[in-house]
Structures are given as C-alpha cells and as structure tokens.
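In what follows, a structure is listed as structure tokens, so that the remarks can point back to it.
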Amino acid sequence: MPTELRTRAISRGTFLRSGLALAGGVLGATALGSGPLGATDAEAATSGAGASAAPAKAASPVQLPTSWKSTAFTAPLPSTHDGYISSWTALYGAGPLTSLSAKKVAQADGISNFLPYGEYEQKERFTPHVAGTVRLDGGPVRIRFVGNKGRKFTAEVHLLRSADPKSPALLLHVLGKSATSLVLPKGTPIVWGTPPAASLSKVTTADVREVLEQGVGFSFGEDGPNPAHASGATVLDGGRHIVGSVRFPTHGTRVTRRWFGAAVRADGGWTYLVAELPKS
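In this note's numbering, the protein residues as written are 5 to 284.
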C-alpha cells in the first residue's frame with residue numbers, strides 16, 4: 005500500500021454543491037454551486053418517512069439478500085437520537101486493501117478535518133483518536149473527536165467496498181444519544197448520494213438517477229466525465245427506498261448492476277446509502 009493515500013471525502017455538503025456538475029455528466033469542482041438540498045429532520049418527519057412508511061410510489065418488489073436483514077437497508081429511518089453519517093471518503097487507487105491502520109484513518113480526508121453537524125467551516129479543530137485498525141467487512145471502529153475548545157464527539161468508521169474495485173472507502177458515522185451503531189451488509193459495495201428534493205415524498209425518478217450516478221461516479225474520481233450512467237430508476241415506499249441500474253466500468257470492461265438505496269440520517273437532514281445488489 006502506498007505511503008500516502010489519495011483521498012477525497014464526500015460529505016453531505018459536498019453532494020449538495022455537486023449536483024449541478026454531476027447532472028451535466030461531469031465530475032469536478034469547477035461547476036459547483038452552493039446551498040442546502042434534501043430534507044431537514046423536521047421535513048423528513050412530516051414526509052411519512054419514519055417508522056411507518058408512506059405508500060410506495062412503485063409496486064415493483066425488490067428481493068434483498070437474507071444477509072441484509074437488520075441492516076440499514078431494511079431498518080426504519082433512524083431517529084435523530086441514532087446519529088448521522090458525516091462523510092464518505094474514497095481512497096482513490098489504494099487497490100484491494102483489506103485493512104487500514106488507525107494512523108491512516110486519522111489522516112484521511114473527512115476525518116482529519118471533521119466538522120460537527122450543521123457546521124460548514126472550521127470553528128474548532130478536532131483531533132481524531134481512532135481505537136484501532138479498521139478492516140474490510142470487519143464492522144465499525146470507534147473514533148473520539150476532541151476539539152481544542154472542549155467539545156467531544158464519538159463516531160465510528162467503516163472500511164467499505166465502493167463501485168471501483170481499486171478505490172475502497174471510509175464511511176464516518178457520528179453516534180447519537182442512543183449510541184446505536186450503523187449496521188451494513190458485508191462484502192457489498194456501498195456508495196452515497198443526496199437528491200435535490202425537499203422531502204422524501206417528493207423524490208422523483210430523475211432524482212434517483214442523479215443519486216445513483218453521484219454515488220457510483222465518485223467512486224472513480226472527482227475529475228473528468230462521470231463514468232456512471234443510470235437507468236430504470238424507481239422510487240419505493242414513498243421515497244424511503246430507491247432502486248435502479250447503473251452502467252459503469254470495472255476490471256477493464258463496462259458492466260450493468262442494480263443498486264438499492266435506503267434513506268438514512270446525515271449531516272443537515274437525510275441522504276441515501278446505496279448498495280449494489282447481487283447479480284443473481
């Protein structure tokens with residue numbers, strides 16, 4: 005593994021600013037706008053996206069693997085007491101690594117420059133104290149963020165597969181009052197995307213295509229044309245879940261895979277975690 009990993013953290017704020025660039029089929033910072041997108045916690049609560057989901061916009065069933073039971077992809081929308089996702093960091097070009105040391109985790113973008121909920125500029129510098137080595141499919145590892153002005157936050161980090169086999173990712177989940185860990189299926193590529201919708205109930209198929217292309221595309225880098233193309237986008241359960249096919253390059257060829265997303269809590273409101281469904 006290289007001494008220095010080239011990383012790019014995708015925070016919810018990054019996705020909020022990047023929608024226009026990705027909608028135009030281009031990844032990069034040159035066309036980024038600004039301003040909040042997606043639902044606030046209050047909007048999500050009133051959109052029918054809680055434990056009792058709103059009626060589905062589509063009746064097409066999605067057969068999930070039995071191993072996904074009791075994960076974030078089958079659970080109700082978490083409450084604000086269950087914490088939120090802070091960032092998804094691509095380790096570009098790291099290759100098929102199976103673990104990352106506590107020191108490397110602490111140096112990664114999105115963790116070394118951690119910002120608390122709702123803050124988009126550095127008001128306090130936080131030092132991450134990582135409990136140990138994070139392992140692929142090994143579950144979460146705790147991180148304690150200690151600020152130079154006295155604030156402290158407890159979080160956990162997961163080492164995940166992304167859409168690009170050459171670029172695994174770190175997912176940072178800040179724990180809430182319930183201290184509930186984020187449970188994710190093992191051995192599954194997982195990406196992240198935020199739709200430009202005011203609430204879950206207003207998510208459209210065009211929004212789903214954007215989410216899928218955002219998440220899969222950022223696995224391959226932040227510059228140049230977006231290599232991901234989504235089709236067959238469908239909104240399920242009143243926006244609680246989404247599904248669609250994405251065509252993207254892997255191992256020197258282009259493949260088409262189905263991806264299933266679930267709404268989860270994120271910095272500023274909610275977003276979608278999106279996982280690749282097994283080919284079978």
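A virtual CB, placed ideally from N, CA and C, is assigned to each residue, including glycine.
### Message
Using C-beta distances below 8 Å, list every residue in its chain close to Arg258, excluding the 5 sequence neighbours before and after it, in chain order.
### Response
Position 254 of the sequence shown, counting from 1, holds the residue named residue 258. Leaving aside the five residues that flank Arg258 on each side, the residues in its chain whose CB is nearer than 8 Å to its CB run, in chain order, Arg251, Phe252.
### Beta-carbon contacts of Asp86 that lie in its chain and below 6 Å, excluding the five residues immediately before and after
Along the sequence shown, read from residue 1 onward, the residue named residue 86 stands at position 82. Only Gly180, Ser182, Thr184 meet the Cβ criterion.
### Query
Is it true that the region 156 to 176 meets the region 100 to 117, where meeting means three or more beta-carbon pairs spaced less than 8 Å apart?
Three or more pairs of CB atoms, one per stretch, sit closer than 8 Å, so the region 156 to 176 contacts the region 100 to 117.
### Query
Is the distance from the Cβ of Val207 to the Cβ of Val239 below 7 Å?
Taking the first residue of the sequence shown as 1, we reach residue 207 at position 203. Taking the first residue of the sequence shown as 1, we reach residue 239 at position 235. Between Val207 and Val239, the CB-CB gap stays under 7 Å.
### Query
Does the distance from the C-beta atom of Ala167 to that of Val220 stay below 7 Å?
Mapped onto the sequence shown, residue 167 falls at position 163. Mapped onto the sequence shown, residue 220 falls at position 216. Using a Cβ distance threshold of 7 Å, Ala167 and Val220 count as a contacting pair.
### Query
Can you check whether the CB of Thr93 is closer than 7 Å to the CB of Leu188?
For the purposes of this step, residue 188 is identified with residue 184 of the sequence shown, where counting begins at 1. For the purposes of this step, residue 93 is identified with residue 89 of the sequence shown, where counting begins at 1. No; because the gap between Cβ atoms is not below 7 Å, this pair is not in contact.
### Message
I need the DSSP call for Thr198, collapsed to helix, strand or coil.
### Response
Locating residue 198 in the sequence shown gives position 194, where the first residue counts as 1. When secondary structure is reduced to three states using DSSP, Thr198 falls in the coil class, being assigned neither helix nor strand.
### Task
List the endpoints of the continuous alpha helix (DSSP H) containing Gly219.
The sequence position of residue 219 within the sequence shown is 215, counting from 1. From DSSP, the alpha helix (DSSP H) with Gly219 extends over 209 to 222.
### Option in Ala234, Lys153, Ala159, Trp274 with minimal Cα separation from Glu280
Translated into positions along the sequence shown, residue 280 becomes position 276. Nearest in C-alpha terms to Glu280, of all of Ala234, Lys153, Ala159, Trp274, is Ala234.
### Distance, Phe157 Cα to Thr260 Cα
One-based indexing of the sequence shown puts residue 260 at position 256. One-based indexing of the sequence shown puts residue 157 at position 153. Roughly 40 Å between the two C-alpha positions.
### Query
Is DSSP giving Lys190 helix, strand or coil here?
Residue numbering aside, residue 190 sits at position 186 when the sequence shown is read from its first letter. Secondary structure of Lys190 (DSSP, three-state): coil.
### Query
What's the gap between the Cα of Val83 and the Cα of Thr192?
Position 79 of the sequence shown, counted from the first residue, corresponds to residue 83. Position 188 of the sequence shown, counted from the first residue, corresponds to residue 192. Checking the sequence, you will find Ser at residue 83 rather than Val. Each residue's Cα considered, the two are about 25 Å apart.
### Message
Using CA atoms only, rank isn't needed, just tell me which of Lys283, Ser249, Asp227, Lys73 is closest to Lys190.
### Response
The residue labelled residue 190 in the question sits at position 186 within the sequence shown. Out of Lys283, Ser249, Asp227, Lys73, Lys73 has the C-alpha closest to the C-alpha of Lys190.
### Task
Report, in whole angstroms, the separation of the C-beta atoms of Gly197 and Thr70, which I expect to be a contact under 8 Å.
For the purposes of this step, residue 197 is taken as the residue at position 193 of the sequence shown. For the purposes of this step, residue 70 is taken as the residue at position 66 of the sequence shown. About 25 Å separates the two Cβ atoms, so there is no contact after all.
### Task
Give the C-beta separation of Leu163 and Arg139 to the nearest angstrom, bearing in mind that I take them to be a contact with Cβ-Cβ under 8 Å.
Working through the sequence shown from its first residue, we reach residue 163 at position 159. Working through the sequence shown from its first residue, we reach residue 139 at position 135. With 8 Å as the limit, Leu163 and Arg139 qualify as a contact, their Cβ atoms being about 6 Å apart.
### Task
Go through its chain and collect everything with a Cβ distance to Ser90's Cβ below 6 Å, but skip five positions before and after it.
By 1-based counting over the sequence shown, the position of residue 90 is 86. Scanning its chain for C-beta atoms nearer than 6 Å, with the 5 sequence neighbours on each side dropped, one finds around Ser90 the residues Leu176, Val178, Asp271, in chain order.
### Message
Buried or exposed, going by whether 16 or more other CB atoms sit within 10 Å of the CB of His255?
### Response
The sequence position of residue 255 within the sequence shown is 251, counting from 1. Note on His255: under 16 other CB atoms within 10 angstroms of its CB, so exposed under the neighbour-count rule.
#### Entry: Backbone secondary structure at Ser71 - three-state DSSP
As a first step, residue 71 is located in the sequence shown; it is residue number 67 there, counting from the start. For Ser71, the three-state secondary structure derived from DSSP is helix.
### Query
When burial is assigned at 16 or more other CB atoms within 10 Å of the CB, is Arg269 buried or exposed?
Here the question's residue 269 lines up with position 265 in the sequence shown. Using a 10 angstroms sphere on the CB of Arg269, the tally of other CB atoms reaches 16 or more, which defines it as buried.
#### Entry: Residues near Asp211 by beta carbon distance below 7 Å, same chain, minus five either side
As a first step, residue 211 must be located in the sequence shown, where it is residue number 207. Pro199, Pro200, Ala201.
#### Entry: Buried or exposed (CB count within 10 angstroms, at least 16 for buried), Lys127
In the sequence shown, counting from the first residue as 1, residue 127 sits at position 123. Per the 10 Å Cβ criterion, exposed.
### Message
In the DSSP output, what is Leu179 paired with across the bridge?
### Response
Residue numbering aside, residue 179 sits at position 175 when the sequence shown is read from its first letter. In DSSP, Leu179 forms no bridge with anything.
#### Entry: Three-way DSSP call (helix, strand, coil) for Leu277 in this model
Translated into positions along the sequence shown, residue 277 becomes position 273. Note: Leu277 maps to strand in three-state DSSP.
### Task
Report the residue from Gly243, Gly236, Ser223 whose alpha carbon sits nearest the alpha carbon of Ser203.
Numbered from 1 along the sequence shown, position 199 holds the residue referred to as residue 203. It is Gly243.
### Query
How big is the Cα-Cα spacing for Pro144 and Leu101?
For the purposes of this step, residue 144 is taken as residue 140 along the sequence shown, with counting starting at 1. For the purposes of this step, residue 101 is taken as residue 97 along the sequence shown, with counting starting at 1. Between the C-alpha atoms of Pro144 and Leu101 there is a straight-line separation of about 16 Å.
### Query
Which whole-angstrom value is the C-beta distance of Leu216 and Val278, which I expect to be below 8 Å?
Here residue 216 corresponds to residue number 212 of the sequence shown, with the count starting at 1. Here residue 278 corresponds to residue number 274 of the sequence shown, with the count starting at 1. Taking the Cβ atoms as the reference, Leu216 lies roughly 7 Å from Val278, within the contact range of under 8 Å.
### Message
Determine whether the beta carbon atoms of Leu81 and Ala267 lie at a separation below 7 Å.
### Response
Taking the sequence shown and counting its residues from 1, the one referred to as residue 81 is at position 77. Taking the sequence shown and counting its residues from 1, the one referred to as residue 267 is at position 263. Against a cut-off of 7 Å, the Cβ pair of Ala267 and Leu81 comes out as a contact.
### Query
Going by other Cβ atoms of all chains shown within 10 Å of its Cβ, with 16 needed for buried, is Ser103 buried or exposed?
Sequence index remark: in the sequence shown, residue 103 carries index 99 (1-based). Label assigned to Ser103: exposed.
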